[in-house]
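Engineer: For reference, each letter of the sequence shown is one residue, going 1391 to 1506 in our numbering.
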Amino acid sequence: RFARWKRADKAFIKARAQRSAKLLKKLLDHLAATSEDEDPGSILEGNVNQLTAQFAYWCQAHRVGVDIDRVVGLRGARKQMYEGLAVPLARATIDKGRILNSSESRAVMAAIRRNF
1391 RFARWKRADK AFIKARAQRS AKLLKKLLDH LAATSEDEDP GSILEGNVNQ
1441 LTAQFAYWCQ AHRVGVDIDR VVGLRGARKQ MYEGLAVPLA RATIDKGRIL
1491 NSSESRAVMA AIRRNF
C-alpha cells in the first residue's frame, strides 16, 4: 500500500514539476518580450532566470524526472544569460542555504567574470 502511495506521489510531483516548468517558460518568454520601461535592466527576467535555475537544480537533485532546462528551452543570448549567470548564482545560493548577501553575490559574480 505504501509503495502505491509513493508511486502516486512521484507521478504527482513529476506532473507538477512539468506544469511549473511550462509556466516558467511562459513567464520567461513574456519577460523577454517586455520593454526596458516595463523591466528596467531586465531585473525581473534575471530573477525568474535564477528561480528557474534553482528549480532545475532541485528537480535534478531529487530525481523528479523532468529536465527543466529542456522544457524551458532557452536559446541564444537568453540561454547564455541563464547558464552563465543564473545557474552559478542559483547553485551558490543553494550551497549557502540562504539568499546571498551583497559581498557573497559580488564574489560569485567575480568568479563568473573570471570564467568568461
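Even for Gly, the Cβ is constructed at its ideal location relative to N, Cα and C.
By alpha-carbon positions, which one of Phe1402, Ser1425, Asp1457 ends up nearest to glutamine 1444?
Structural biologist: Asp1457
Engineer: Could you tell me if leucine 1464 is buried or exposed, where buried requires 16 or more neighbouring beta carbons within 10 angstroms of its beta carbon?
Structural biologist: buried
Engineer: Using three-state DSSP, classify asparagine 1491 as helix, strand or coil.
Structural biologist: coil
Engineer: Does DSSP put valine 1456 in a helix, a strand or coil?
Structural biologist: It is coil, neither helix nor strand.
Engineer: Which of the three DSSP states is assigned to threonine 1424 in this structure?
Structural biologist: Coil at threonine 1424, not helix or strand.
Engineer: Do you know whose CA, among Thr1424, Arg1488, Gln1450, lies nearest glutamine 1408's CA?
Structural biologist: The option with the nearest alpha carbon to glutamine 1408 is Gln1450.
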